[in-house]
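For reference, the structure is listed below as structure tokens.
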Amino acid sequence: MPKLLHQLLTKNSNCTPSDIAISHKKNNWSYEQLTQLVELQAKAFIGINLKPLQRVAIYLPKQIETVSGFLSINLAGGVFVPINPVLKAAQVSYILNDCNVQILITSKSRLHGLTTQLENCPDLHTILLVDDQLPDLDIYPDKHILGWNDFLDHANNQTMPSLIDTYMAAILYTSGSTGKPKGVVLSHINIISGANSVAEYLDITAKDKILAVLPLSFDYGLNQLTSSLFKGATCVLLDYLLPRDVIKALDAHQITGLAAVPPLWAQLTNLEWPESINQHLRYMTNSGGKMPKSVLETIRSKVPASQFYLMYGLTEAFRSTYLPAEQLEQRPDSMGKAIPNAEVLVVREDGSLCAPHEPGELVHRGTLVAMGYWNDPEKTAERFKPAPTQLKELPITEVAVWSGDQVSMDEEGYLYFVGRKDDMLKTSGYRVSPTEIEEIIYSSGLVKEAAAIGIPDDILGHTILVIISTENDDQFNEDKLMALCRSQLANFMIPAKIITLNELPKNPNGKIDRKFLTIQFANVFDPTTK
14 MPKLLHQLLT
24 KNSNCTPSDI
34 AISHKKNNWS
44 YEQLTQLVEL
54 QAKAFIGINL
64 KPLQRVAIYL
74 PKQIETVSGF
84 LSINLAGGVF
94 VPINPVLKAA
104 QVSYILNDCN
114 VQILITSKSR
124 LHGLTTQLEN
134 CPDLHTILLV
144 DDQLPDLDIY
154 PDKHILGWND
164 FLDHANNQTM
174 PSLIDTYMAA
184 ILYTSGSTGK
194 PKGVVLSHIN
204 IISGANSVAE
214 YLDITAKDKI
224 LAVLPLSFDY
234 GLNQLTSSLF
244 KGATCVLLDY
254 LLPRDVIKAL
264 DAHQITGLAA
274 VPPLWAQLTN
284 LEWPESINQH
294 LRYMTNSGGK
304 MPKSVLETIR
314 SKVPASQFYL
324 MYGLTEAFRS
334 TYLPAEQLEQ
344 RPDSMGKAIP
354 NAEVLVVRED
364 GSLCAPHEPG
374 ELVHRGTLVA
384 MGYWNDPEKT
394 AERFKPAPTQ
404 LKELPITEVA
414 VWSGDQVSMD
424 EEGYLYFVGR
434 KDDMLKTSGY
444 RVSPTEIEEI
454 IYSSGLVKEA
464 AAIGIPDDIL
474 GHTILVIIST
484 ENDDQFNEDK
494 LMALCRSQLA
504 NFMIPAKIIT
514 LNELPKNPNG
524 KIDRKFLTIQ
534 FANVFDPTTK
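Per the working numbering, numbering through the sequence shown is continuous, rising by one, with the last residue being 543.
Here you go:
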């Protein structure tokens with residue numbers, strides 16, 4: 014098995030050189046062509062003096078330079094830092110500074126948007142522009158700016174550094190609307206193990222065509238690329254403007270594998286799916302949040318021949334659990350069992366193992382556990398702690414990731430999500446999972462999106478607020494929805510208010526941004542603000 018990320022190319026280039034590795038718009042790159050690109054760029058990186066373990070940021074949409082950039086940076090001994098292309102200048106500047114990025118790969122138009130922030134990035138010395146259009150260089154007097162062809166001209170007969178699989182390979186920044194994002198440090202073995210594990214339980218082969226619609230700065234999105242490369246499959250890159258673009262791509266490219274998050278699945282339920290998709294779409298996956306039952310049922314009805322996998326993961330360990338497709342009918346509420354080559358435990362606050370069906374914190378141990386948060390020992394110590402099952406006689410501590418998510422496990426090892434520690438609501442003395450409320454809201458069939466949040470209350474602890482979006486405001490009946498809540502939920506779980514928005518805000522990874530909603534509606538029950 015390959016030990017380093019760029020070795021995925023070497024294996025496939027030797028065995029199946031003409032097979033398509035990457036497809037983007039109307040262009041294809043074979044494994045042999047991609048390998049040649051990566052080797053050329055790696056030499057160019059060394060030619061511009063990239064040193065081992067230095068960070069190189071890529072601020073681009075999905076395109077060939079993004080993919081070849083990841084792999085060539087690693088081959089040259091560097092660490093790639095993918096920046097979500099939807100982030101704004103101040104957010105990009107924060108990431109560049111936080112991990113001391115020395116080289117930035119972007120385009121002229123994106124560089125123009127960063128101009129006012131780059132003077133705050135003292136470690137950044139070189140900017141590579143993929144479109145070969147140079148800006149007014151006087152605006153950036155302390156930066157060395159190269160067009161792409163000029164950059165490639167630095168490639169000579171450089172020798173690649175010797176690497177091992179525990180070397181840093183990437184830093185992925187978690188998104189967040191409050192506080193600053195954290196840089197999750199991944200080694201080569203973290204990424205390779207994640208690709209291997211996911212490819213195993215999804216049974217990915219070289220014949221698969223996987224559609225990459227999620228940001229490559231998102232661990233779930235990056236895994237679509239790495240799992241594809243691991244098995245010699247084809248990865249089709251897509252930055253979509255409308256959900257209909259996803260349907261068109263599924264059909265046009267004869268996609269066999271699609272991964273998405275709940276908000277995108279909800280949007281896809283309202284579209285017509287050509288019958289031809291049912292002939293080739295082999296599997297679909299969900300992660301990044303609980304899949305509403307009504308959405309899952311609708312999607313499965315549109316592509317009945319496709320297998321659907323519910324999954325759970327976190328950036329700090331890529332993927333933790335999956336529900337085998339054949340278990341979906343029997344355990345529709347389960348988040349699955351541990352993925353291959355990982356152990357998932359449910360523990361009490363004192364670190365002891367929970368009994369079956371007893372809620373506790375999910376702890377993940379194994380080779381997928383990341384190296385920690387970049388330059389943040391305090392937060393690293395909070396999340397990356399000794400594995401609870403380690404024998405006391407072992408002198409060197411094995412580190413596991415403590416997720417902060419509350420789950421329970423049945424006698425057969427299947428897990429059930431209860432809620433995030435920091436998302437759990439405390440109202441009238443009861444702990445309430447937002448997921449339980451949202452499931453009832455979705456079951457009504459009246460809403461497109463829903464988020465249950467807690468607004469601090471001096472007496473209750475939290476007052477429950479539900480924010481929704483609907484397909485058709487004219488047909489929405491709030492009284493009917495509230496009646497359903499009263500009939501299905503305990504009194505202390507019934508929302509005090511329902512607010513309708515055109516669309517719920519999303520974070521850069523496409524998930525509903527609960528923290529932003531909590532801030533936005535913090536005073537909704539304050540009589541002095543009305």
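For each residue, glycine too, the CB sits at the ideal point set by N, CA and C.
Being a predicted model, the structure only gives us computed values, none of them experimental.
Helix, strand or coil at residue i according to DSSP, with G and I counted as helix
i                 : result
phenylalanine 243 : helix
tyrosine 72       : coil
phenylalanine 529 : helix
phenylalanine 58  : helix
proline 95        : strand
glutamate 356     : strand
lysine 524        : coil
glycine 364       : coil
leucine 407       : coil
asparagine 299    : strand
phenylalanine 489 : coil
isoleucine 507    : coil
lysine 101        : coil
tyrosine 107      : helix
threonine 448     : helix
threonine 476     : strand
glycine 458       : coil
threonine 191     : Because threonine 191 carries a pLDDT of 37, less than 50, the predicted location of this residue cannot be relied on, and no value is offered for it.
leucine 50        : helix
glycine 426       : coil
isoleucine 116    : strand
Nearest-angstrom Cα separation, counted from residue j out to residue i
i                 : j                 : result
phenylalanine 534 : phenylalanine 489 : 22 angstroms
alanine 394       : lysine 220        : 43 angstroms
glutamate 449     : serine 456        : 11 angstroms
asparagine 169    : isoleucine 177    : 24 angstroms
glycine 507       : glycine 379       : Sequence inspection shows isoleucine at residue 507; the glycine mentioned does not correspond to that position. Isoleucine 507 and glycine 379: Cα-Cα distance of roughly 40 angstroms.
histidine 266     : glutamine 237     : 16 angstroms
aspartate 435     : leucine 327       : 15 angstroms
arginine 123      : proline 98        : 9 angstroms
alanine 318       : glycine 234       : 24 angstroms
tyrosine 214      : phenylalanine 321 : 12 angstroms
serine 190        : glutamate 406     : Model confidence at serine 190 stands at a pLDDT of 34, short of 50, so the residue's coordinates are unreliable; what they give is reported in the following sentence. Rounded to whole angstroms, serine 190 to glutamate 406 spans 43 angstroms at the Cα level.
serine 314        : leucine 141       : 47 angstroms
alanine 102       : cysteine 367      : 45 angstroms
isoleucine 525    : glycine 302       : 9 angstroms
leucine 532       : aspartate 389     : Looking at the sequence itself, residue 532 is isoleucine, so the reference to leucine does not match. The straight-line gap from Cα to Cα measures roughly 25 angstroms.
alanine 465       : leucine 514       : 13 angstroms
glutamine 545     : proline 30        : With the chain represented from 14 up to 543, any question about residue 545 goes unanswered, as that position is not in the structure.
Limits of the alpha helix (DSSP H) - the one that residue i falls within
i                : result
histidine 377    : Unbroken run through histidine 377 is the beta strand (DSSP E), 373–379; no alpha helix (DSSP H).
isoleucine 290   : Isoleucine 290 -> no alpha helix (DSSP H), and no H or E assigned at all.
phenylalanine 83 : 77–88
tyrosine 335     : Where tyrosine 335 is concerned, there is no enclosing alpha helix (DSSP H), although the beta strand (DSSP E) it sits in stretches over 334–336.
alanine 208      : 201–214
CB-CB length for residue i against residue j, believed under 8 angstroms
i              : j              : result
methionine 422 : proline 369    : 6 angstroms
leucine 127    : histidine 19   : Contact flag wrong, Cβ pair sits at about 28 angstroms.
leucine 459    : isoleucine 512 : Wrong, their Cβ atoms sit about 14 angstroms apart, outside the cutoff.
lysine 461     : glutamate 484  : 5 angstroms
aspartate 136  : valine 114     : 6 angstroms
serine 300     : valine 274     : 7 angstroms
leucine 263    : leucine 294    : 6 angstroms
isoleucine 108 : isoleucine 96  : 6 angstroms
lysine 222     : threonine 247  : 5 angstroms
leucine 250    : isoleucine 35  : 7 angstroms
Reference residue i; option with closest CA among the options
i              : options                           : result
tryptophan 286 : Thr311, Asn536 and Met495         : Thr311
asparagine 133 : Asp435, Thr531 and Asn110         : Asn110
serine 43      : Phe58, Asn27 and Ala55            : Asn27
lysine 56      : Arg68, Gly82 and Ile71            : Gly82
isoleucine 71  : Ile59, Gly91, Leu53 and Cys248    : Gly91
leucine 17     : Ile96, Leu323, Ala208 and Ile466  : Ala208
alanine 383    : Val198, Leu47 and Leu323          : Val198
aspartate 445  : Phe505, Pro401, Ile454 and Lys392 : One detail in the question is off: residue 445 reads as valine in this sequence, not aspartate. Of Phe505, Pro401, Ile454 and Lys392, the residue nearest in Cα terms is Phe505.
aspartate 216  : Ser200, Gly270 and Ala265         : Gly270
asparagine 62  : Phe164, Pro228, Asp492 and Val143 : Phe164
arginine 433   : Gly426, Tyr296 and Gly417         : Gly417
Where the beta strand (DSSP E) containing residue i begins and where it ends
i                 : result
phenylalanine 321 : 320–325
aspartate 470     : 462–470
alanine 413       : 412–422
proline 399       : 397–399
tryptophan 42     : 40–43
isoleucine 217    : Where isoleucine 217 is concerned, there is no enclosing beta strand (DSSP E), given that its DSSP letter is neither H nor E.
The ligand COA heavy atom lying under 7 angstroms from the CB of residue i
i           : result
leucine 127 : Among the components modelled here there is no ligand, and therefore nothing to report on the ligand COA.
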